[in-house]
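The structure appears right after this line, and notes come after that.
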Amino acid sequence: MSSEIKNKIALRPSEPATRGKPVEVTVNYVEIGKSFKYPTIHSYTFEVIKQQRKKAKGDDTGEKKANREEAEAVFYQLLKQKSFGQNVFPVFNANMIYSFNKLCDGKDNKKFDKIRIPPKDGAGRPKFFSAVLKYDSNKCETYQMAEYVKVNTNQRWGEDIQKNLLVLNAFINSDVRARYLTRGRNQIFPEANPRDRLFLPDGIELMLGFHQSIRPGWDKLLINIDTCVTTYYPSGLLIDLIPKILTNKTTKDALRRGISENEIKHLKFCLKGLNFTTTYRSANNSKPKKKVSYITEKSAQQLKFNYYGRNISVNEFFRELGTPLEFPMLPCVAVKSTKRGQNDAYFPLEVCSLISGEKFDVDKLTKVQRQDMIKKTAVKPSDRFQRITNALTNVYKHSENNAMKSIGMVVGNELIKAISRVLEPPKITSTPENKEIVPESGSWNVPKFIAPAKLHSWSVVWFDPDLNKPLVADMIRILIEVLTEKGLNVQKPQQFIQGNAQNCKNALALAAQRKNTEMDPQLIVSIVSSKINGVSGIYTEIKKACLVDLGINSQCFQSGERQWRQRWKPICNNVALKINGKLGGTNSQLIPNQLDFKNAKKYMILGADVFHPSKEEKKKGRPSIAAIVASMDPYATKYVGRYSMNKKLKNEVIEEIDSMIKDFIETFEEKNDKSLPEAILFYRDGVAEGQFEIIMNDEVNKLLDALKDLYQSRELSPPKLTFVIMQKRHHTRAKPDDESNADPKSKGNCQPGTIIDKTIVVPQYFTFLLQSHSSPLGTARPAYYHVIYDEIGFSQDEMQTLTYNLCFSSVRCNLALSMVTPLHYAHNLANLAKNFVTYEESPVDGDRPEDVLNGKVYYIHDKIKNAMYFA
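By the count of the UniProt record's numbering, the sequence shown reaches residue 871 at its end, each step adding exactly one.
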């Protein structure tokens, strides 16, 4: 980070925050002992070459650079063989090795040949590698980290601190990475007891593990330890796994009746491309490694092949070998032949074993799988912290870690304490009489909306063939009752239309027509069948048709939610909040003076998020979509939203932030009698610490320049800007030591409003952790706020209180959110707008382009672009 940017990053105000009730909490950190001397650590490049068998005749070998996993396996094999030296314990990270001891100098490279790595699960051939170790002059001076955590330090965040974290993380994790399955740099997954294995629908295995990373704290260096989860394709005997994939076949015995054609298709979908081996060895006493091509339609009894002139079934073949099949009525795994004229190979399901360690991308999980994952991994704080404590003793065993010993790092064996403060919740007004409400455990009840909207022109479309008009009319009758109870002036829908899910645009276009009214339609309610494959697909089509093409607000229901008398009315109560917000009404709001912007009378609050595609989608050239929302009223209840497409692929910044802020200011001017905001508070999501410099350069500076230009054109001084980054992708958790201080509604979590701004954060920067919400299902995760630019000049108390209060203003629910409301809106908008772009996929072969190919954005219709359609 350049010195100019370093000096611009906001520092912590000198006056400490004092608001709130002090509460002692346990946090999931252990302290690195003061005896740690922060030594100099040597760096080495580590080049690993894989010896390949060529497909040509003979045993000639070729060479190919090893991938990261292979290089790491080679490193641990050399370490095991003591190839680096006796009592020498270097660590590995990507293509680098770090060591306290010198392994070689700049003149003499160290070479290693014929390194044998055995096959995973004993399947396939062993692999052979060679490696070269070269001295790198860029040493890691860890004394910089010692300076960074000191109180009153001049050491700032930069590349040197980032390198310190990377290297020290390699030292604390080296030992466990050699023993367990890994994912990423800091996560490990010990093998579960067979009885404790967890599976999601379609047989995806849910693995429970642990995360461990170095974190700088307040005058101390810490290790953050947490539980984590990931997903893998299933491994083990396929016959045992099929009941996990076909959920209606709960046991192996249920398979004896055979499986249906649809179940065979589903097996093919779930298993195609996975590596497997067999329960028996081949003629050369090795286990073959194969890849599933498809699942046969015929069973092992029916499937026949030519065996030395005899036409026999797969079942007969195994019986003659003396190993009769237990499940001959089941199909076989087929492996396509790569040689012309040769038949495919067939393997009965019961002799196949899926090879372990095949990663399943979490981004590919379906909605049902995600819901099941949340259900199976949500644990109360006491259980989570118990697992962490057990991991300290039985998994990490820091006192036995030779790599940590080599640099003199000693770690405490108990989780540390911190003093938190619990802020008072803001007061909220509800009903037209402006009755004041004080939320309890982050929630409150709104019997009537403070400013109910009018709903006079609307239509209902249903896409579920199992529904009929009388049933739909009954559902809508209850919705109208609820809306009326909340204070809305609602007339009956103009139209009830049954639509075809295969072509929803026609029905929506019909619903958008005026019928017996002079008013343009305000809303289309769509009811979608939960039985339709790809509900999210039709949801996207409905939203695009309504919001982009027709310019009408949209509200969707799933017909599977219509469980009469029990669930439908509560669902309508929740949806009423969104409908009122979309139509311009106000449900509830903070009482005056709850949003303290010091001397500014007019202010704007913004939230920004960027949708980034998954790894696979990035390869195909899918663009990132930036979304920003901005408040338009003094209570921060009315927001408008805008989105844009980043032209550069894999770009983290909001490329059009300058034009978007100008749009917001001009819209604010229209809605506020031509007055402009004097202060702007900008919250930004999705930015890692290593990207703060980029955000300062490419977003904060562009905002300042755009505001200066716009205000100077009106002969005004530009507004004061404060820019705050919020992070949720961290592993900090806390629980109160005294149960009397816990949230009574959420199983031992901290209370909403809990602030931590010492102990586990660094002293120099303006940062704090805020748990603003109640978490009844599991352990609450606080939001981590970083004030990186502050012209408004907030004190710590002012910023923390304002941020907490802004979690209570969402129209979507009567709950305090886990982040400030504008960020929640921006997240929703980014996930909606990602469906409103088109692009040309990148070529599979050759160099991938840096820019999006033929990207086009479809914007919200002018008629509703300033409505809260994203609520």
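Every residue gets a Cβ at the ideal spot worked out from N, C-alpha and C, and that includes glycine.
Bear in mind the structure is a predicted one, so any value in this text is a computation, not a measurement.
Query	Result
In or out: A17 buried (at least 16 other Cβ within 10 Å) or exposed?	buried
Would you say the stretch 119-135 touches the stretch 436-443, given that touching needs at least three Cβ pairs under 8 Å?	no
Since W458 is in the beta strand (DSSP E), which residue starts that stretch and which ends it?	458-462
Would you report the Cα separation of S353 and G341, rounded to the nearest angstrom?	28 Å
Grab the span of the alpha helix (DSSP H) containing K720 for me, first residue to last.	Per DSSP, K720 belongs to no alpha helix (DSSP H); it is in the beta strand (DSSP E), 720-727.
Can you list, in chain order, the residues of its chain whose CB lies under 7 Å from that of V149, leaving out five sequence neighbours each side?	P216, G217, D219, K220, L221, V762
Write down the C-beta distance between F664 and M726 rounded to the nearest angstrom, noting that I regard them as a contact closer than 8 Å.	About 19 Å separates the two Cβ atoms, so there is no contact after all.
Measuring only the C-alpha atoms, how far is N87 from K287?	37 Å
Look at I416 and V27 and say whether their C-beta atoms are less than 8 Å apart.	yes
If you run the structure through DSSP and keep just helix, strand and coil, what is S313?	strand
Grab me the residues of F449's own chain with a C-beta within less than 8 Å of its C-beta, minus the 5 sequence neighbours each way, in chain order.	S430, T431, K486, G487, L488, N580, G585, T586, N587, S588
With a floor of 3 residues, list each beta strand (DSSP E) that falls wholly inside the stretch 63-145, ordered by position along the chain.	91-93, 96-99, 110-117, 127-141
Going by the DSSP bridge assignment, what does T484 pair with across the sheet?	T484 is not bridged to any residue.
Mind listing, in chain order, the continuous beta strand (DSSP E) runs of no fewer than 3 residues lying wholly within the stretch 745-818?	754-756, 767-771, 783-790
When we look at the beta-carbon of K578 and count the other beta-carbons within 10 Å, is it buried (16 or more) or exposed?	buried
Looking only at its own chain, which residues have a Cβ that is under 8 Å from the Cβ of V472, when we skip the five neighbours before and after it?	V460, W462, F496, I527
Can you tell me whether K107 is buried or exposed? The criterion is at least 16 other CB atoms within 10 Å of its CB, across all chains shown.	exposed
T838 and V379: beta carbons closer than 8 Å?	no
State buried or exposed for residue 876, treating a residue as buried only when at least 16 other CB atoms are found within 10 Å of its CB.	Past the edges of the chain, shown from 1 to 871, lies residue 876, and the structure says nothing about it.
Could you tell me which residues DSSP puts in a beta bridge with P216?	L221
With a 10 Å radius around its C-beta and 16 neighbouring C-beta atoms as the bar for buried, classify T247 as buried or exposed.	exposed
For the stretch 851-870 and the stretch 825-840, state whether three or more C-beta atom pairs, one from each stretch, are separated by less than 8 Å.	yes
Kindly indicate which three-state DSSP category N854 falls into: helix, strand or coil?	strand
Would you say the beta carbon of L165 comes nearer than 7 Å to a heavy atom of the ligand FAD?	Absence of the ligand FAD is noted for the structure shown, with no ligands found whatsoever.
Could you give the DSSP three-state label for P348: helix, strand or coil?	strand
Who are D609's beta bridge partners in DSSP?	A627
Measuring straight from C-alpha to C-alpha, what distance separates A871 and A816?	15 Å
How would you write the range of the alpha helix (DSSP H) that C546 sits in, first residue to last?	No alpha helix (DSSP H) contains C546, which DSSP labels as neither H nor E.
Would you mind giving the Cβ-Cβ distance between I32 and I223, rounded to the nearest angstrom? I have them listed as a contact below 8 Å.	7 Å
Under the rule that 16 or more other beta-carbon atoms within 10 Å means buried, what is M519, buried or exposed?	exposed
Let's see if you can read the secondary structure: which residues bound the beta strand (DSSP E) around F682?	679-685
For T821, which three-state DSSP category applies?	helix
If you drop the 5 nearest sequence neighbours on each side, which residues of the same chain put their C-beta closer than 8 Å to that of R12?	P763, Q764, Y765, F766, T767, Q796
For D383, name the three-state secondary structure that DSSP assigns.	helix
Drop a sphere of 10 angstroms on the beta-carbon of P331, count the other beta-carbons inside from all chains shown, and report buried for 16 or more, exposed for fewer.	buried
Assuming the contact rule is C-beta atoms closer than 8 Å, L208 and T227 should be a hit. Round their C-beta distance to whole Å, please.	7 Å
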